[in-house]
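A.B. asks:
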Amino acid sequence: RRDFNIVVLGAGGVGKSCLTAQFVQNIWIEAYDPTIEDSYRKQIDVDGRQCMLEILDTAGTEQFSKLIDSITLLRELYMKTGQGFLLVFSITSQSSLYELQELREQIIRIKDDDNVPIVIVGNKSDLEEDRMVSRSKAFAVSQSWGNAPYYETSARRRANVDEVFIDLCRQIIRK
Ligand code: GTP
Ligand code: MG
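Numbering (the working numbering), first residue to last: 931 to 1105.
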């Protein structure tokens, strides 16, 4: 049985904790409770292999600005140990997509590897009427990142939630 260290990253409020809660516990959380850092374990079957996922749900990028030095240090630590990264934005926020750019650069720098398993996640797909990021805009980002897979998810509806974690595990297995 293999262990997989997965890190969930992205701006505050995009739905990182809700996606993780749906994946790990099959629950929907309506209230917003900003995260400092939480970790979860879940065993899943990926193409016939038993995989133990260690999932780190992190703080939104612009949060806790007074603690910026400790957050930066924490982030460097978990980027070092992370094997795969879910980079989450909300389709209702342009800036949340732009913030992923810097996170990706940081991952590549810290791991000293430009081929790190990454999945780009456009969450809140149920809020189509509030969409600010078109699919083609997100695909353009994916292309500029060497075709990192792009999924649109809804934590609320539990749409594509398992798929993003499984895609990431497959990338880690192939590595
Ligand atoms: P931080 O921990 O502060 O970085 O935020 P986060 O990215 O973990 O966001 P969180 O999962 O706490 O969700 C923030 C808010 O968005 C909550 O009120 C959720 O109910 C809501 N939300 C999360 N995912 C979805 C979704 O897929 N659709 C809709 N409509 N709302 C969502
Ligand atoms: Mg959170």
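All C-beta atoms, glycine included, are put in the ideal place defined by N, C-alpha and C.
None of these values were measured; they are calculated from a predicted model.
Does DSSP put residue 1055 in a helix, a strand or coil?
C.D. replies: Of the three classes helix, strand and coil, the one that applies to residue 1055 here is coil, per DSSP.
A.B. asks: Quick check on residue 936 - is its C-beta less than 8 Å from some C-beta in chain D?
C.D. replies: The structure shown has no chain D; it contains just one protein chain.
A.B. asks: Using 8 Å as the threshold, is the segment 1029-1036 in touch with the segment 1052-1061, meaning 3 or more CB pairs across them?
C.D. replies: Put simply, the segment 1029-1036 does not touch the segment 1052-1061. Fewer than three CB pairs are less than 8 Å apart.
A.B. asks: Output the distance between the C-alpha atoms of residue 936 and residue 1016, rounded to the nearest integer angstrom.
C.D. replies: For residue 936 and residue 1016, the distance between alpha carbons rounds to 7 Å.
A.B. asks: Is any non-hydrogen atom of ligand 2 found closer than 7 Å to the C-beta of residue 946, if you look at the structure I gave you?
C.D. replies: yes
A.B. asks: With a CB to CB cut of under 8 Å and the five nearest residues on each side skipped, what residues in its chain are close to residue 987?
C.D. replies: For residue 987, where only same-chain residues beyond five positions count, the Cβ hits under 8 Å are 938, 946, 947, 950, 965, 967, 968, 969 and 970.
A.B. asks: Just checking my contact of residue 1046 with residue 1098 at CB under 8 Å: how many whole Å lie between their CB atoms?
C.D. replies: Contact between residue 1046 and residue 1098 is absent: CB atoms are separated by about 11 Å, not below the 8 Å threshold.
A.B. asks: Short check: CB of residue 1092 to CB of residue 953, under 8 Å?
C.D. replies: yes
A.B. asks: Any chance the CB of residue 1079 is under 7 Å from a heavy atom of ligand 2?
C.D. replies: Outside the cutoff, so no.
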